[in-house]
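A.B. asks: Attaching a single structure in C-alpha cells format; questions to follow.
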Amino acid sequence: MDEIMEFLKACKTSFVATCGGDQPYVRPQGFSMIYNGSLCFCTADEKATSKELKANPNVEISAANGTKFIRIRGKAEFQGQDAAEKALEMMPQLAQMVRPGKFEIFAVKGGTAVIADLTTGESKTIAL
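Just so you know, we're using my numbering here: the sequence shown kicks off at 248 and counts up by one.
What follows is the structure in C-alpha cells.
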C-alpha cells in the first residue's frame with residue numbers, strides 16, 4: 248500500500264472513473280490516503296461522483312508520472328465520519344471545496360492496483 252501512495256503523491260493528480268447509467272465519467276482527484284488499511288479517496292455527497300458510486304460501486308482510478316502509470320480498480324465502499332475527519336486533518340483545504348457535513352471518503356476494496364512502465368513494459372500488480 249505504501250508503494251501505491253508514494254506513486255499517487257508523485258503524480259499529484261489522479262483521475263476517478265465512474266459510470267452513470269450507460270455513460271462513463273472521469274474526474275480529476277487530488278487527494279488520497281490510507282485509512283484503516285484501505286486506499287481512500289474523497290468526494291461530496293452532493294456530487295455526481297458520490298451518487299454514481301452509490302448506484303454502481305465499480306470504480307477505476309488512474310494516474311501517470313512520466314512513462315509510468317497506475318491503474319487502480321475495485322469497488323467503492325463509503326467510510327464513516329471518522330475517515331472524513333482524518334482526511335480534513337491531513338488536508339485542511341478540502342474543507343474549502345465542500346460544504347460542511349457533505350464531505351465523504353470512499354475506500355477502493357476487493358481489487359488491484361497495477362503500476363506499469365510504458366517504455367520497459369514492466370508491471371507490478373498489488374492486491375487491495
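The C-beta atom is built at its ideal place from N, Cα and C for all residues, glycine as well.
Fair warning: this is a prediction, and the values are worked out from it, not measured in the lab.
Extract the residue ranges of the alpha helix (DSSP H) inside the segment 325 to 371, only unbroken runs of 4 or more that lie entirely within it.
C.D. replies: Complete alpha helix (DSSP H) runs here, min 4: 328 to 337.
A.B. asks: Near SER297, which residues of its chain fall below 7 Å by C-beta distance, leaving aside the five closest residues on each side in sequence?
C.D. replies: Hits under 7 Å: THR290, ALA291 and GLU351.
A.B. asks: Just tell me which of ARG320, GLU324, PHE316 and ALA331 has its CA closest to the CA of GLN369.
C.D. replies: In the sequence under discussion, the amino acid at residue 369 is Glu, which differs from the Gln named in the question. Checking every option, the nearest Cα to that of GLU369 belongs to PHE316.
A.B. asks: Consult DSSP for PHE316 and reduce its assignment to one of helix, strand or coil.
C.D. replies: Here PHE316 sits in strand by DSSP.
A.B. asks: Along the beta strand (DSSP E) that carries LEU286, what are the first and last residues, could you check?
C.D. replies: Where LEU286 is concerned, the enclosing beta strand (DSSP E) stretches over 285 to 291.
A.B. asks: Considering only C-alpha positions, which residue in the set PHE262, THR372 and ALA342 is nearest to VAL306?
C.D. replies: It is PHE262 whose Cα lies nearest to the Cα of VAL306.
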